[in-house]
Every structure is written in C-alpha cells, then in structure tokens.
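>
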Amino acid sequence: MFIDRCSACKGIWFDKGEAESLSKKRIAEFIDTGDPAVGHKLDSLDMIPCPRYGETMKRFFDIDEKQLQYETCDEHGQFFDAGESTLWAESQYL
Numbered sequence: 003m004f005i006d007r008c009s010a011c012k013g014i015w016f017d018k019g020e021a022e023s024l025s026k027k028r029i030a031e032f033i034d035t036g037d038p039a040v041g042h043k044l045d046s047l048d049m050i051p052c053p054r055y056g057e058t059m060k061r062f063f064d065i066d067e068k069q070l071q072y073e074t075c076d077e078h079g080q081f082f083d084a085g086e087s088t089l090w091a092e093s094q095y096l
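All letters in the sequence shown, in the order written, are residues 3 to 96 by the numbering used here.
(1) Just to confirm the assignment, what range does the alpha helix (DSSP H) spanning K41 have?
(2) Spatial neighbours of A30 within its chain, please: C-beta separation below 6 angstroms, excluding the five flanking residues on both sides.
(3) By DSSP, does F32 sit in helix, in strand, or in coil?
(4) Checking 8 angstroms against the spacing of the C-beta atoms, do S46 and E67 come in under that value?
(5) Are G13 and G56 touching if we call contact CB-CB under 8 angstroms?
(6) With DSSP as the reference, please indicate the residues paired to R54 in a beta bridge.
(7) Got a sec? Which residues, its chain only, sit under 8 angstroms from K60 by beta carbon, not counting five neighbours each side?
(8) Between which two residues does the beta strand (DSSP E) holding D17 run?
Written out as structure tokens, the structure is:
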C-alpha cells in the first residue's frame, strides 16, 4: 500500500479498498501521524473534491464513534483528516 498524505494538513487518502487493510489499530496509529486537533478543525469544511476525479465527496458520519467523520468517494476511496484513520480502525475492529 502506498500512503497518500496531504503535506499541509497530514490527512490521508486511501484508494478504494485500502482502508480495509488497516486491520489493527497499531497500523493506523503508525501511519496517522497528524495532529487530531488540526483534523477536527477541518471537519467544518464542505465540498471536498475527490483527489482522483475532482467531484465533491460525500461526508460520512459514524453513528457509534461520534468524533469520526470522513469524506468518501464511492468510485475512488476515502479521505481521513489527521486522527480519523485511527478512530476508523478502532470502530472497525473493536
């Protein structure tokens, strides 16, 4: 897996199917090196374009993990702000 990371906000883009390979929280913590406080501030941004296609991605809210919201493109993948991929891995595998 190749890690696509935003150099400005430290968010992580996962091509379709890659996020599912975060089978353990430790892996997510290892690659999710951004500051979660910065990631949380970015949650208010709307109209995030898919980095692969440019269409606006959908915002996903996790019902069980209230702090977790991330952007998803049905065709190309998911974008997690700093701290969100670790939360996502926890919600998937606990």
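In this text, a Cβ means the ideal position worked out from N, Cα and C, and glycines have one as well.
Quick answer:
(1) It should be pointed out that residue 41 corresponds to Gly in this sequence rather than to Lys. G41 -> alpha helix (DSSP H) spans 38–43.
(2) Excluding positions up to five away in sequence, the list reads L24, S87, T88, A91.
(3) Reduced to three states, the DSSP call for F32 is helix.
(4) No.
(5) It is not a contact, given that the beta carbons lie outside the stated cut-off.
(6) The beta-bridge partner set that DSSP reports for R54 is empty.
(7) The answer, listed in chain order, is E73, T74, C75, D76.
(8) Start and end: 14–17.
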